[in-house]
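Peer 1: Residue numbers -20 to -1, 1 to 91, in mature numbering (1 follows the signal peptide of the UniProt record, and there is no 0), belong to the letters of the sequence shown in order.
Quick reminder that beta carbons are idealized off the backbone N, C-alpha and C, glycines included.
These numbers were taken from a predicted model, which means no experiment stands behind them.
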Amino acid sequence: MRMKTIAALGIVMAMAGTLAACGTTPGERALTGGALGAGTAAGITAAAGGNPVIGALAGAAGGAIIGAATTPSGQTSDHVRWCAERYRSYDPRTDTYMGYDGYRHRCNSPY
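(1) So, is residue 91 buried or exposed, given that buried needs 16 or more other C-beta atoms within 10 angstroms?
(2) Assign residue 50 to buried or exposed, taking buried as 16 or more other Cβ atoms, counted over all protein chains shown, within 10 Å of its Cβ.
(3) At 3 residues or longer, what runs of the beta strand (DSSP E) sit wholly inside the segment 53 to 80?
(4) Just checking my contact of residue 47 with residue 14 at CB under 8 Å: how many whole Å lie between their CB atoms?
(5) Taking the alpha helix (DSSP H) that residue 6 belongs to, which residues open and close that run?
(6) Would you please state the rounded distance, in angstroms, between the beta carbons of residue 77 and residue 69? I believe it to be under 8 Å.
(7) Kindly indicate which residue of 83, 33, 12 and 84 has the alpha-carbon position closest to the one of residue 21.
(8) Starting from residue 32, trace the alpha helix (DSSP H) both ways and give me its first and last residue.
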């Protein structure tokens, strides 16, 4: 029973840590990633009976590296801006808009 509780706690804490992506610059993401990694790893390590300080250090290092490496560009390109202004249904994730024919079409901007 204890192993199931520890495993469930670890999974919940890991999921909570990965769901929160904060910051838009590499520095902000490294700081928040480090904090999330430290807290998550310390909790998992303590629940498993290990030394939470070592877990926190390892989690902080890993979280900071991953946070800085996954920083979004944060800059809207001229292409995306043009398409969003031209088509109300424009979706920048897929670079498509909904046409009058009911199908999604790729946006072809002058940029």
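Peer 2: So, from the listed chains and residues:
(1) Position 111 of the sequence shown, counted from the first residue, corresponds to residue 91. Per the 10 Å Cβ criterion, exposed.
(2) For this step, residue 50 is matched to residue 70 along the sequence shown. Classification for residue 50: exposed.
(3) Under the rule that a run must span 3 or more residues, the beta strand (DSSP E) segments found entirely inside the segment 53 to 80 read 76 to 78.
(4) In the sequence shown, residue 47 corresponds to position 67, counting from 1. In the sequence shown, residue 14 corresponds to position 34, counting from 1. Yes, they are in contact, since the Cβ atoms of residue 47 and residue 14 sit about 7 Å apart, within 8 Å.
(5) Taking the sequence shown and counting its residues from 1, one reaches residue 6 at position 26. For residue 6, the enclosing alpha helix (DSSP H) has its first and last residue at 6 to 27.
(6) Position 97 of the sequence shown holds residue 77. Position 89 of the sequence shown holds residue 69. Right, the Cβ-Cβ distance comes to about 5 Å (below 8 Å), so this counts as a contact.
(7) As a first step, residue 21 is located in the sequence shown; it is residue number 41 there, counting from the start. Cα-wise, what sits closest to residue 21 is 33.
(8) One-based indexing of the sequence shown puts residue 32 at position 52. Secondary structure note for residue 32: its alpha helix (DSSP H) is the uninterrupted segment 32 to 49.
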